[in-house]
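Peer 1: Starting off with a structure, shown below.
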Amino acid sequence: MSDTKKYTETRNNSSPLSIASIPVLDYGVFYDQVSEMLRDEQKHCVAYYGAGSPGNRRFYCCIADDGKATIDVFSHEMSGQNMVLKSLTPVCTQLYIFEREIHENFGVEFSGHPWLKPVRYPYDNPDRSEIMANYPFYSIGGDELHEVGVGPVHAGVIEPGHFRFICNGEKVLHLEIQLGYQHRGIENLFLEKSSPLQRCVLAESIAGDTSVGHELAHVQLIESLAGIEISDALRIERCIALELERLAVHIGDTAALCGDVAYQLGQAVCEALRTSVINTTQYWCGNRFGKGIVRPGGSNYHLNDAAADEILKVISVTGKRFNEVAELIYSRPSVLARFDDIGQVTRRQGLNIGAVGMAARSCGILRDLRKTHPFQYYRDYQVHPAIIGSGDVLARGKLRHLEALDSVRIITDLIEKWKTALKNIERPNYDYRLKPSSFCISLVEGWRGEICHAALTDVNGKIVHYKVKDPSFHNWMALALAVRNQEISDFPVCNKSFNLSYCGNDL
Amino acid sequence: MIREAKVLAEHGRQYIKDLRTQSVSELFRGKPVISPGITPDEINSVCAICPVNAIDRTSGSIDLCKCVFCKECSFLFPGKIRFTNDYRIAGNRREDLIVKPGDRDRISLDEKSIRKEIRKTFKSALKLRQVSAGGDNSCEMELAATGNVNFDFGRYGIEFVASPRHADGIVITGPITENMSEALKITWEAVPEPRLIILAGTDALSGGIFEGSPALNRKFIEEHHIDLYLPGNPVHPLTYINGVLDLLGIV
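Listed in order, the protein sequences are those of chains A and B. Under numbering that gives the first Met the number 0, the first residue of the first sequence carries the number 0, and numbering increases by one thereafter. Under numbering that gives the first Met the number 0, the first residue of the second sequence carries the number 0, and numbering increases by one thereafter.
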């Protein structure tokens with residue numbers, strides 16, 4: 000690779016790039032540049048996807064550089080009949096899922112990819128022989144081994160997905176997760192349902208447990224493309240909503256973890272604490288999941304004094320009580336026996352698969368967009384992400400404990416700042432015009448991790464391509480790795496400790 | 000032990016005493032009330048902004064099976080459209096969920112169209128299998144919450160079970176994706192008769208914001224009798240609880 004930079008730098012939550020400014024590399028150069036860049040632990044791939052019509056496809060690659068706080072964007076093209084590319088996966092494991100998705104979208108063959116199959120089986124899959132029913136599961140021969148299939152309809156009240164275990168007795172040798180049952184065609188709907196409000200409702204429905212996170216990623220993208228400026232007060236309000244979402248989920252998942260190991264006290268107390276948090280969100284905006292709070296340019300539900308006081312009152316009690324019960328949970332031998340040293344993901348594995356968010360931070364990788372690629376008010380407010388190195392179920396449980404306490408602190412601080420910030424009544428702007436011929440990317444640290452929305456506009460400023468990535472896209476592989484060589488009975492706690500999104504992955 | 004007792008003491012009693020009369024916060028977006036004085040121009044304006052075509056162009060009525068409760072129509076004409084915090088918005092006939100200008104009555108079930116075997120068989124215990132078919136997980140979480148320490152719907156002998164073989168019916172969430180259509184059918188066929196179908200949340204009722212997506216397959220809804228419609232984005236636990244109690248005739 001030569002010394003000249005063959006990428007364009009951009010920053011999170013900032014102005015869009017002109018499409019013309021993004022370098023188009025020869026695939027050979029692209030290949031070398033990606034493998035070179037991703038050797039650096041501070042860099043990881045946030046998006047790699049294709050857009051355009053057959054014969055004129057362009058593939059955009061966005062590498063986040065945590066050291067420089069930039070996102071480096073470059074591309075390669077693919078024209079004519081050539082449908083084969085040399086796979087980058089053998090040299091950069093984290094790209095395996097992006098290459099699988101490109102294969103799914105366009106039928107591109109990645110030669111040398113160890114596991115090339117679609118991520119989901121969408122209705123517009125170019126290969127009609129690939130359907131849910133004939134998914135090519137990995138299999139191992141031998142009389143000693145057996146397979147266990149679970150799902151798509153699970154025992155609990157949760158979303159569908161199929162888990163195929165290959166076991167030696169009680170021990171899991173391999174788990175393959177087949178997703179796609181939840182595929183709703185969201186990315187195309189962003190183009191078809193083109194009214195600004197429709198897009199907002201759509202973004203809120205990508206993953207209901209991350210309504211605020213995905214909506215914020217969308218709105219941030221739109222505001223960048225439309226050049227809409229907002230007040231500090233609004234930026235603070237959005238961060239408060241995002242932290243309330245994080246707090247509620249971490250407490251709720253702690254309840255679920257306790258439920259799985261029959262620790263009823265922990266489950267009951269955490270369930271009630273989660274209820275108090277989401278009811279506070281409902282007090283603020285009328286919806287327990289925060290749907291409707293975040294809108295382009297403003298809000299119909301600005302924070303007000305009454306709501307701010309209610310939030311402060313509830314989270315101070317919740318924070319204190321959650322801390323007490325969490326300390327209790329993680330000191331019970333019967334709980335520790337089920338969590339400690341179970342479902343471990345090593346730091347190396349986390350880096351290899353490109354783990355993000357709490358899945359990364361629980362195996363010693365400091366990856367938190369609030370710190371490395373700050374957005375909204377996190378630019379003016381320092382977050383000090385909690386980090387744990389052991390990578391097991393206990394680490395993910397304890398990390399949730401620490402992050403919940405951090406969220407309480409952050410919300411308390413932010414409400415103080417909000418009180419003195421200059422407030423304008425900013426109403427949602429549903430009449431925006433987007434910058435033409437642009438590329439824009441928006442990242443948000445949701446409770447699971449890195450949410451990415453990206454869009455391309457044409458010469459008239461119309462969105463012609465919309466890309467969504469939920470953190471689960473990276474992190475499902477962490478679950479598959481976590482259960483290797485574990486007892487199959489430990490699968491539920493491993494699964495709950497991550498609590499990944501099916502609909503966010505399947506889109 | 001002492002620490003546990005302390006945590007438990009602070010936890011106190013969390014259950015909602017009366018699930019029938021519990022009030023929710025004022026801003027909760029429940030049943031809308033539309034002024035009979037809404038003008039054709041105003042109707043046109045709210046139709047233009049509604050993200051899901053839930054408002055009828057001629058009458059100005061709102062179809063709760065389509066409504067995503069974004070409340071934008073109400074922000075446009077606060078004097079004409081108002082969303083009350085009445086969460087009792089369950090119905091057993093599709094047409095009863097269309098709120099017309101001037102409608103002030105509480106939405107209720109049509110007693111005559113409730114199938115006889117439902118109350119006869121399930122009044123003292125109802126076990127349901129939940130099927131998420133493209134749901135965004137918010138409805139699923141709200142349904143799961145009905146069994147938690149706050150709502151404790153189990154007090155009526157009504158709860159979710161793991162196997163469709165143990166269930167008396169299914170509760171569907173999500174707009175029903177093509178990729179889940181087969182699994183939904185298989186689950187339904189595994190439920191022994193008599194059995195019932197409940198649709199929970201706007202996505203399940205009409206497809207919601209996903210309506211018209213080629214990735215959906217809503218044939219199952221067209222081919223089966225639906226016993227209970229529960230609007231909401233997502234459905235509130237109290238909407239579900241009160242709807243099911245009404246269906247079973249439990250006062």
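Cβ coordinates follow ideal geometry from the N, Cα and C atoms, glycine included.
Measure the C-alpha to C-alpha separation of A:Glu8 and A:Tyr122 and round it to an integer number of angstroms.
Peer 2: Within the first sequence, numbered from 1, the residue matching residue 8 of chain A stands at position 9. Within the first sequence, numbered from 1, the residue matching residue 122 of chain A stands at position 123. About 35 Å.
Peer 1: Mind listing which residues of the region 257 to 290 of chain A have their C-beta closer than 8 Å to chain B's C-betas, in chain order?
Peer 2: Answer set for the region 257 to 290 of chain A: Leu264, Ala267, Val268, Glu270, Ala271, Thr274, Asn278, Gln281, Tyr282, Trp283, Cys284, Gly285, Asn286, Arg287, Phe288 and Lys290.
Peer 1: Kindly list the residues whose CB is nearer than 8 Å to the CB of A:Leu188, restricted to its own chain and excluding five residues on each side of it in sequence; keep chain order.
Peer 2: As a position in the first sequence, residue 188 of chain A is number 189, starting the count at 1. Answer for A:Leu188: Leu201, listed in chain order.
Peer 1: What is the rounded straight-line gap between the Cα of A:Val458 and the Cα of A:Ile18?
Peer 2: Taking the first residue of the first sequence as 1, we reach residue 458 of chain A at position 459. Taking the first residue of the first sequence as 1, we reach residue 18 of chain A at position 19. One C-alpha to the other measures close to 10 Å.
Peer 1: Near B:Asn43, which residues of its chain fall below 8 Å by C-beta distance, leaving aside the five closest residues on each side in sequence?
Peer 2: The residue labelled residue 43 of chain B in the question sits at position 44 within the second sequence. Excluding residues within five positions, the ones whose Cβ falls inside 8 Å are Arg56.
Peer 1: How is A:Thr9 classed by DSSP in three states: helix, strand or coil?
Peer 2: Along the first sequence, read from residue 1 onward, the residue named residue 9 of chain A stands at position 10. Of the three classes helix, strand and coil, the one that applies to A:Thr9 here is strand, per DSSP.
Peer 1: With a cut-off of 7 Å, does the C-beta of A:Asn459 fall near any C-beta of chain B?
Peer 2: For this step, residue 459 of chain A is matched to residue 460 along the first sequence. Not one chain B Cβ lies under 7 Å of A:Asn459.
Peer 1: Could you have a look at A:Cys502 and say whether DSSP puts it in helix, strand or coil?
Peer 2: Counted from its first residue, the first sequence places residue 502 of chain A at position 503. A:Cys502: helix per DSSP, three-state reduction.
Peer 1: Let's see if you can read the secondary structure: which residues bound the beta strand (DSSP E) around A:Tyr59?
Peer 2: Taking the first residue of the first sequence as 1, we reach residue 59 of chain A at position 60. Counting along the chain, the beta strand (DSSP E) containing A:Tyr59 begins and ends at Asn55 to Asp64.
Peer 1: Take the Cβ of B:Gly11 as the centre, count every other Cβ of all protein chains shown within 10 Å, and call the residue buried at 16 or more, exposed below.
Peer 2: Within the second sequence, the letter at position 12 stands for residue 11 of chain B. The residue in question, B:Gly11, is exposed, as its Cβ has fewer than 16 Cβ neighbours within 10 Å.
Peer 1: Between the region 134 to 157 of chain A and chain B, which residues of the former have CB atoms less than 7 Å from a CB of the latter, in chain order?
Peer 2: So the list reads Pro151, Val152, Ala154, Val156 and Ile157, given in the order they occur along the chain.
Peer 1: With a cut-off of 8 Å on the beta carbons, I'd call A:Gly342 and A:Val156 a contact; round off their distance for me.
Peer 2: Here residue 342 of chain A corresponds to residue number 343 of the first sequence, with the count starting at 1. Here residue 156 of chain A corresponds to residue number 157 of the first sequence, with the count starting at 1. So it is not a contact: roughly 23 Å between Cβ atoms.
Peer 1: Indicate whether at least one CB of chain B lies closer than 7 Å to the CB of A:Ser496.
Peer 2: For the purposes of this step, residue 496 of chain A is taken as the residue at position 497 of the first sequence. For A:Ser496, the answer is no, since every Cβ of chain B falls outside 7 Å of its Cβ.
Peer 1: Starting from B:Val170, trace the beta strand (DSSP E) in both directions and tell me its first and last residue.
Peer 2: Here residue 170 of chain B refers to the residue found at position 171 of the second sequence. Element bounds for B:Val170: Gly168 to Thr172.
Peer 1: Using a Cβ cut-off of 7 Å (strictly closer), state whether A:Met131 contacts chain B.
Peer 2: Looking up residue 131 of chain A in the first sequence gives position 132. Closer than 7 Å: yes.
Peer 1: Counting only beta-carbon atoms, is A:Pro491 nearer than 7 Å to chain B?
Peer 2: Walking along the first sequence from the start, residue 491 of chain A turns up at place 492. It does not; no Cβ of chain B falls within 7 Å.
Peer 1: Residues of chain B with a CB under 7 Å from the CB of A:Val72: which are they?
Peer 2: Numbered from its first residue, the first sequence carries residue 72 of chain A at position 73. Result: empty, since nearest Cβ-Cβ is about 29 Å, beyond 7 Å.
Peer 1: What residues of chain B sit near A:His182, judged by a beta carbon separation below 7 Å?
Peer 2: Counted from its first residue, the first sequence places residue 182 of chain A at position 183. What A:His182 touches in chain B: Thr176, Asn178 and Ala214.
Peer 1: To the nearest angstrom, how far is it from the Cα of A:Ile352 to the Cα of A:Ala359?
Peer 2: Counting from one through the first sequence, the residue named residue 352 of chain A turns up at place 353. Counting from one through the first sequence, the residue named residue 359 of chain A turns up at place 360. Answer to the nearest angstrom: the Cα atoms are 10 Å apart.
Peer 1: Do you know whose CA, among B:Ser123, B:Gly133 and B:Ile175, lies nearest B:Gly153's CA?
Peer 2: The count along the second sequence starts at 1 and reaches residue 153 of chain B at position 154. For the residues B:Ser123, B:Gly133 and B:Ile175, the minimum Cα distance to B:Gly153 belongs to B:Ser123.
Peer 1: Quick check: what's the CA-CA separation for A:Ala267 versus B:Ala4?
Peer 2: Start at 1 with the first residue of the first sequence, and residue 267 of chain A comes out as number 268. Start at 1 with the first residue of the second sequence, and residue 4 of chain B comes out as number 5. In a straight line, the C-alpha of A:Ala267 is about 14 Å away from that of B:Ala4.
Peer 1: On the criterion of 16 or more Cβ atoms from any shown chain inside 10 Å, does A:Gly396 qualify as buried, or is it exposed?
Peer 2: The residue given as residue 396 of chain A occupies position 397 in the first sequence. Label assigned to A:Gly396: buried.
Peer 1: With a threshold of 7 Å between beta-carbons, can B:His223 be considered close to chain A, or not?
Peer 2: As a working note, residue 223 of chain B is residue 224 in the second sequence. Closer than 7 Å: no.
Peer 1: Run through DSSP, which three-state label would B:Ala8 get?
Peer 2: Taking the first residue of the second sequence as 1, we reach residue 8 of chain B at position 9. DSSP places B:Ala8 in helix when its eight states are reduced to three.
Peer 1: Can you name the residues that DSSP bridges to A:Met77?
Peer 2: As a working mapping, residue 77 of chain A is identified with position 78 in the first sequence. Per DSSP, A:Arg56.
Peer 1: On the DSSP letters alone, give me the boundaries of the beta strand (DSSP E) that A:Val171 sits inside.
Peer 2: Here residue 171 of chain A refers to the residue found at position 172 when the first sequence is read from its first residue. Looking at the DSSP string, the run of the beta strand (DSSP E) that includes A:Val171 is Lys170 to Gln177.
Peer 1: When you compare each of A:Ala254, A:Arg369, A:Trp114 and A:Pro470 to A:Ala206 by their alpha carbons, which one comes out closest?
Peer 2: Counting from one through the first sequence, the residue named residue 206 of chain A turns up at place 207. Selected option, being the one with the closest Cα: A:Pro470.
Peer 1: Can you name the start and end residues of the alpha helix (DSSP H) that A:Glu108 belongs to?
Peer 2: Here the question's residue 108 of chain A lines up with position 109 in the first sequence. Careful: A:Glu108 lies outside any alpha helix (DSSP H), inside the beta strand (DSSP E) at Glu108 to Ser110.
Peer 1: With 7 Å set as the bound, which would you pick, yes or no: does the beta-carbon of A:Gly160 sit closer than that to a beta-carbon of chain B?
Peer 2: Within the first sequence, the letter at position 161 stands for residue 160 of chain A. No - not a single Cβ of chain B is within 7 Å of the one on A:Gly160.
Peer 1: CA-CA distance, B:Gln13 and A:Leu174?
Peer 2: One-based indexing of the second sequence puts residue 13 of chain B at position 14. One-based indexing of the first sequence puts residue 174 of chain A at position 175. So the alpha carbons of these two residues sit roughly 39 Å apart.
Peer 1: Pull out every residue of the region 126 to 138 of chain B whose Cβ sits closer than 9 Å to any Cβ of chain A, in chain order.
Peer 2: Listed by position along the chain: Arg128, Gln129, Val130, Ser131, Ala132, Gly133, Gly134, Asp135, Asn136, Ser137 and Cys138.
Peer 1: Residues in the same chain with beta-carbon distance under 7 Å from A:Ser1, minus the five sequence neighbours each way, listed in chain order, please.
Peer 2: Locating residue 1 of chain A in the first sequence gives position 2, where the first residue counts as 1. Reliability fails at A:Ser1, whose pLDDT of 46 lies under 50, so the model's placement of it is uncertain and the value that follows must be treated cautiously. Cβ neighbours of A:Ser1 beyond the five flanking positions: none.
Peer 1: Let's see if you can read the secondary structure: which residues bound the alpha helix (DSSP H) around A:Gly148?
Peer 2: Within the first sequence, the letter at position 149 stands for residue 148 of chain A. No alpha helix (DSSP H) holds A:Gly148; the beta strand (DSSP E) holding it covers Leu144 to Val149.
Peer 1: Run through chain A and tell me which residues come within less than 9 Å of B:Lys30, C-beta to C-beta.
Peer 2: One-based indexing of the second sequence puts residue 30 of chain B at position 31. Within 9 Å Cβ-Cβ: nothing; B:Lys30 doesn't reach chain A, min ~13 Å.
Peer 1: Relative to chain A, which residues along the region 57 to 77 of chain B have a C-beta separation below 8 Å, given in chain order?
Peer 2: From the region 57 to 77 of chain B, only Val67, Phe68, Cys69, Lys70, Glu71 and Phe74 have a Cβ closer than 8 Å to chain A.
Peer 1: What are the start and end residues of the alpha helix (DSSP H) that includes A:Phe164?
Peer 2: In the first sequence, counting from the first residue as 1, residue 164 of chain A sits at position 165. Careful: A:Phe164 lies outside any alpha helix (DSSP H), inside the beta strand (DSSP E) at His161 to Asn167.
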